[in-house]
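What follows is a set of notes on a single structure, which appears directly below.
Numbering (my numbering), first residue to last: 4 to 180.
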């Protein structure tokens with residue numbers, strides 16, 4: 004049972020601009036059409052858990068990008084579009100309760116996404132692996148990847164990939180020492 008974060012961040016640690024915009028993620032050239040390991044990552048995931056704001060951002064895409072079950076952590080969302088019934092479910096529990104529920108339903112490897120959601124799961128010490136891709140841009144302000152923690156969380160560097168267009172992707176595993 005592993006809970007993963009797979010996310011891109013600016014050099015100054017933001018995952019979106021102040022309005023939640025992520026257009027800057029596509030500003031770098033990608034002549035090879037690489038997905039930077041995304042497909043391989045998703046092949047080992049059983050379900051996706053995201054926050055409401057991330058869900059609303061994904062709804063603005065041209066089409067629904069996920070084949071996996073998606074769970075949206077929200078206390079305010081009242082429903083989902085009819086086209087996503089059977090693909091998306093709203094959950095209103097604490098991070099620990101959510102993980103217990105999803106694991107009990109057979110979802111063992113979870114992809115956790117969204118700024119507040121990632122921060123909440125880190126605060127509850129429920130993230131096992133971080134895969135962070137640094138985009139060589141300084142946004143200056145925006146939605147931060149990390150927030151305050153009550154205690155230090157240690158991770159062990161597992162490896163780094165440097166892509167031709169300047170992206171640097173590092174993988175970290177939670178250390179219990």
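Where a beta carbon is used, it is the ideal one built from N, C-alpha and C, also for glycine.
What you are looking at is a predicted structure, and each value in this text was computed from that prediction instead of being measured.
Q: Run the CB neighbour count on residue 242, radius 10 Å, all protein chains shown included, and call it buried at 16 or more, exposed below.
A: It is not possible to answer for residue 242, since the shown part of the chain is limited to 4 through 180.
Q.
Tell me the DSSP secondary structure of residue 163 in three-state form.
A. Translated into the one-based positions of the chain shown, residue 163 becomes position 160. Three-state DSSP puts residue 163 in a strand.
Q: Would you mind giving the Cβ-Cβ distance between residue 28 and residue 11, rounded to the nearest angstrom? I have them listed as a contact below 8 Å.
A: Along the chain shown, one-based indexing puts residue 28 at 25. Along the chain shown, one-based indexing puts residue 11 at 8. Contact holds; Cβ gap of about 6 Å.
Q: May I have the straight-line CA-CA distance separating residue 138 from residue 178, to the nearest angstrom?
A: Taking the chain shown and counting its residues from 1, one reaches residue 138 at position 135. Taking the chain shown and counting its residues from 1, one reaches residue 178 at position 175. Distance between the alpha carbons of residue 138 and residue 178 is about 25 Å.
Q: Look at the Cβ atom of residue 152, then the Cβ atom of residue 126, and state whether they are nearer than 8 Å.
A: Your numbering for residue 152 matches position 149 in the chain shown. Your numbering for residue 126 matches position 123 in the chain shown. Their beta carbons are under 8 Å apart, which means residue 152 touches residue 126 by this criterion.
Q: Please report how far the alpha carbon of residue 47 lies from the alpha carbon of residue 112, in whole angstroms.
A: Reading the chain shown from its first residue, position 44 is the one you call residue 47. Reading the chain shown from its first residue, position 109 is the one you call residue 112. So the alpha carbons of these two residues sit roughly 7 Å apart.
Q: For residue 155, count neighbouring Cβ atoms within 10 angstroms of its own Cβ and tell me buried if that reaches 16, exposed if not.
A: Against the chain shown, residue 155 aligns to sequence position 152. Exposed.
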